[in-house]
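**Student:**
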Amino acid sequence: MFLELDGKGPHYTQLIRALKRAILDGRLAAGARLPPTRLLAQELEMSRTTVLAAYERLRAEGFIQGRAGAGSYVSALHLAPVATLPRQAITPPSRYARRIRHIDDLRPAQQHYDKRYNLQYCNPLVNPALNGIWGRELARAATHINLEETSPQGLLGLRQQICDYLVRRRGVVAAPEDILVVNGTQQAFSLTARVLLDEGDSAVLEEPHYFGVRQALLAHGAQLHAVRTDGEGLVCDELPAVAPRLICVTPSHQFPSGATMSLPRRLELLRYAAENRCWILEDDFDGEFRFDTQPLAALRSLDEGDRVIYVGTFSKTLFGALRLGYMVLPTALRRDLVTAKYLNDFACPEIEQAALAHFMESGGFERHLRLARRELKARYTTLVEALRQHAGDRVEIVDAPAGMYVLVWLRDCDHAGTEALIARARAHGLGLHPLAMHYQQPPPRPGLMFGYARLSVTALREAAQLFARCLDEADWQATSATHWRVAARLAVS
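Encoded structure:
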């Protein structure tokens, strides 16, 4: 008897799968006698015990039946023939599934993870001391937490610590019942879209904006309206006359331009939301990291109409593997968003929540933030100085001393030239990341985002030198191509 094993897992599970395929495909018809276990074991060069275990499992599941003294036979399953379709021709089961098939690459920056100088712009600072500290916090939490308790809204102790932190550092007054602990910012985007938006509803994005929020809104069928930003943040005068259901903003440190939304713009946006009964999603992804001044008060702190959903994350302030964030919920949406979280994944891991709560209560979190701000400021200063020294007037550096990246506009370069520059840098071990993916429509000129959180001061200097070398090569190739064209025209004339 011919059976093809797939090589995945223990022999007896491979044999079970092979026999099931043969039965379901009709190669072993109902009533067919299976080979004796000893004979099949010899043919397949496996132990008889393995074959016996496989037969016993198939008998328990009803695929075969034993007859005393006569062996094992295939059961009569009465299966109707199934028409097989090419895999690519199978229609997705829902409109949601059809929409997400057209979403861009979820993690475009992964293409540079293997490069020595990967200037990834959203990776948090690596603090080696956190490994040991976090291990101790997890061990402590595992011995103190009630393993039977889980709350969809989040551990009460962590929600209390978040409230204490927000009122002191971000000016946001909230009670623990206003806090929802989530698995990072991306889940906050998805839950908000699920609760607020029906298919076809309008949502406003800043232009430019974080591609992750655009993907979440598109997946839920939103009609997107991109509103321009400038040096004062969102241009509120250009908000649509027909009010959207949701407005997504990054007011403390606009992503990716680095602008801070001015107070008049903040008040104007809140007035617009109150008058038009729409909601604002405030993404405060790195508001803790300002180097020129103290962190600014959040937009939510000015919200008297209770229209702002405030979102913060620990994945950017601590480390990326910690998939914990939080939302401050308007009273009118509290029950709906907590229920949506419950239906999505029931709750975030409570041992990690307990570890984080104690880390915050003990003062470790704010000590880490102070250290991170000092280190990020040093890296920001180093990178900007090195770019000015080596790249000179071929680039325009946006002066925004905050966050974890620097925005750089390229002079005398188009989008095609930028893609060629990125490819050339990749060949030299330098990972460059284009700005264009954060626009709904391509920007009028190309730009790059230089992340500095993951590289040392020395590595940042070397990366800036390597970037200038790539620019030199691009300039030389452009000059050479011009000379060839001139020479060709002269030869013809």
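FYI, the UniProt record's numbering numbers position 258 of the sequence shown as 258, with every residue one higher than the one before it.
Quick reminder that beta carbons are idealized off the backbone N, C-alpha and C, glycines included.
Could you compute how far the alpha carbon of Leu197 sits from the alpha carbon of Leu337?
**Tutor:** What you label residue 197 is simply residue 197 of the sequence shown in a count that begins at 1. What you label residue 337 is simply residue 337 of the sequence shown in a count that begins at 1. Leu197 and Leu337: Cα-Cα distance of roughly 12 Å.
**Student:** May I ask you to list the residues that DSSP assigns as paired with Gln223?
**Tutor:** Residue 223 sits at position 223 when you count from the first residue of the sequence shown. Assignment of beta-bridge partners to Gln223 by DSSP yields Ser202.
**Student:** CB-CB under 6 Å to Ser190, same chain, minus the five flanking residues each way: which ones, in chain order?
**Tutor:** As a working note, residue 190 is residue 190 in the sequence shown. These residues qualify, in order along the chain: Ala216.
**Student:** Are the region 331-346 and the region 201-210 touching by the rule of at least three beta carbon pairs closer than 8 Å?
**Tutor:** no
**Student:** Is the region 407-415 touching the region 278-292, taking contact as three or more C-beta pairs under 8 Å?
**Tutor:** no
**Student:** With a floor of 3 residues, list each beta strand (DSSP E) that falls wholly inside the region 29-68, ordered by position along the chain.
**Tutor:** 64-67
**Student:** Glu177 to Ala97, Cα distance in whole Å?
**Tutor:** Translated into positions along the sequence shown, residue 177 becomes position 177. Translated into positions along the sequence shown, residue 97 becomes position 97. Each residue's Cα considered, the two are about 34 Å apart.
**Student:** What residues are listed by DSSP as bridge partners for Glu396?
**Tutor:** For the purposes of this step, residue 396 is identified with residue 396 of the sequence shown, where counting begins at 1. According to DSSP, Glu396 bridges with Trp409.
**Student:** Got a sec? Which residues, its chain only, sit under 8 Å from Ser301 by beta carbon, not counting five neighbours each side?
**Tutor:** On the sequence shown, position 301 is the one that residue 301 refers to. Within the same chain, Ser301 has close Cβ partners Arg170, Gly171, Val172, Val173.
**Student:** For Gln65, count neighbouring C-beta atoms within 10 Å of its own C-beta (all shown protein chains included) and say buried if the count is 16 or more, exposed if not.
**Tutor:** What you label residue 65 is simply residue 65 of the sequence shown in a count that begins at 1. With fewer than 16 other Cβ atoms within 10 Å, it is exposed.
**Student:** Does the distance from the CB of Asn192 to the CB of Ile309 come in under 7 Å?
**Tutor:** Along the sequence shown, read from residue 1 onward, the residue named residue 192 stands at position 192. Along the sequence shown, read from residue 1 onward, the residue named residue 309 stands at position 309. As written in the sequence, residue 192 is Thr, which differs from the Asn given in the question. Cβ distance < 7 Å, so Thr192 and Ile309 count as in contact.
**Student:** For Gln389, which residues from the same chain have a beta carbon less than 8 Å from its beta carbon, with the 5 sequence-adjacent residues on both sides left out?
**Tutor:** The residue given as residue 389 occupies position 389 in the sequence shown. Taken in chain order, the residues that qualify are Ala464.
**Student:** Can you give me the Cβ contacts of Ala481 inside the same chain, cut-off strictly under 6 Å, excluding the 5 residues immediately before and after it?
**Tutor:** Position 481 of the sequence shown, counted from the start, is the residue given in the question as residue 481. Confidence at Ala481 is low in this model, with a pLDDT of 45, below 50, so the placement of that residue should be treated as unreliable; the coordinate-derived value is given next. So no residue of the chain qualifies.
**Student:** With three or more C-beta pairs closer than 8 Å as the rule, is the region 229-242 touching the region 313-323?
**Tutor:** No, the region 313-323 does not touch the region 229-242.
**Student:** Please return the same chain residues whose Cβ sits closer than 6 Å to the Cβ of Ile179, not counting the five positions on each side in sequence.
**Tutor:** Numbered from 1 along the sequence shown, position 179 holds the residue referred to as residue 179. For Ile179, where only same-chain residues beyond five positions count, the Cβ hits under 6 Å are Arg159, Ile162, Tyr326.
**Student:** Note down, in chain order, each residue of its chain lying with its Cβ closer than 7 Å to the Cβ of His253, except the 5 sequence neighbours on either side.
**Tutor:** Along the sequence shown, one-based indexing puts residue 253 at 253. So the qualifying residues of the chain are Thr260, Asp286, Gly287, Ala402, Gly403.
**Student:** If we count the other Cβ atoms within 10 Å of its Cβ and call it buried at 16 or more, is Gly31 buried or exposed?
**Tutor:** Taking the sequence shown and counting its residues from 1, the one referred to as residue 31 is at position 31. It counts as exposed.
**Student:** Alpha carbon to alpha carbon, how far is Val182 from His11? Give it in angstroms, no decimals.
**Tutor:** Translated into the one-based positions of the sequence shown, residue 11 becomes position 11. Translated into the one-based positions of the sequence shown, residue 182 becomes position 182. Each residue's Cα considered, the two are about 42 Å apart.
**Student:** Alpha carbon to alpha carbon, what distance is there between Met360 and Asn131?
**Tutor:** Translated into the one-based positions of the sequence shown, residue 131 becomes position 131. Translated into the one-based positions of the sequence shown, residue 360 becomes position 360. Going from the Cα of Asn131 to the Cα of Met360 covers about 16 Å.
**Student:** Return helix, strand or coil for Ile100, following the three-state DSSP convention.
**Tutor:** On the sequence shown, residue 100 is found 100 positions in, with the first residue counted as 1. DSSP, read as helix, strand or coil, puts Ile100 in helix.
**Student:** Where does Asp336 sit, in a helix, a strand or coil, going by DSSP?
**Tutor:** Position 336 of the sequence shown, counted from the first residue, corresponds to residue 336. Correct three-state label for Asp336: helix.
**Student:** Going by DSSP in three states, Phe346 sits in which element: helix, strand or coil?
**Tutor:** Walking along the sequence shown from the start, residue 346 turns up at place 346. If DSSP states are grouped into helix, strand and coil, Phe346 belongs with coil.
**Student:** Please report the distance separating the alpha-carbon of Leu147 from that of Ala357.
**Tutor:** As a position in the sequence shown, residue 147 is number 147, starting the count at 1. As a position in the sequence shown, residue 357 is number 357, starting the count at 1. Their backbone Cα atoms lie some 16 Å apart in a straight line.
**Student:** So within the region 240-302, which uninterrupted beta strand (DSSP E) runs reach at least 3 residues, ignoring any that extend past its ends?
**Tutor:** 246-249, 279-283
**Student:** In the region 131-185, which residue ranges form an unbroken alpha helix (DSSP H) of at least 4 residues, counting only runs that do not cross its ends?
**Tutor:** 156-169
**Student:** Over the uninterrupted alpha helix (DSSP H) stretch that includes Val384, give me the two end residues.
**Tutor:** By 1-based counting over the sequence shown, the position of residue 384 is 384. 364-390 is the extent of the alpha helix (DSSP H) around Val384.
**Student:** Can you say whether Ile23 is buried or exposed, counting buried as having 16 or more other CB atoms within 10 angstroms of its CB?
**Tutor:** The residue labelled residue 23 in the question sits at position 23 within the sequence shown. Burial call: buried.
**Student:** To test your reading of the DSSP string, which unbroken alpha helix (DSSP H) runs of 4 or more residues are found completely within the region 418-486?
**Tutor:** none
**Student:** For Thr329, which residues in the same chain have their Cβ closer than 6 Å to its Cβ, ignoring the five residues on either side in sequence?
**Tutor:** Working through the sequence shown from its first residue, we reach residue 329 at position 329. The question names Thr, but residue 329 in the sequence shown is Leu. Asp178, Leu180, Leu337.
**Student:** For Leu39, is the classification buried or exposed, using 16 other Cβ atoms within 10 angstroms of its Cβ as the cut-off for buried?
**Tutor:** By 1-based counting over the sequence shown, the position of residue 39 is 39. Classification of Leu39: exposed, given that the 10 Å Cβ count is below 16.
**Student:** What would DSSP say about Glu304, mapped onto helix, strand or coil?
**Tutor:** Mapped onto the sequence shown, residue 304 falls at position 304. Here Glu304 sits in coil by DSSP.
**Student:** Kindly list the residues whose CB is nearer than 6 Å to the CB of Arg277, restricted to its own chain and excluding five residues on each side of it in sequence; keep chain order.
**Tutor:** Position 277 of the sequence shown holds residue 277. Contacts found: none.
**Student:** Evaluate Asp284 with the Cβ neighbour count: other Cβ atoms within 10 Å of its Cβ, from every protein chain shown; 16 or more gives buried, anything less gives exposed.
**Tutor:** Position 284 of the sequence shown, counted from the first residue, corresponds to residue 284. Classification for Asp284: buried.
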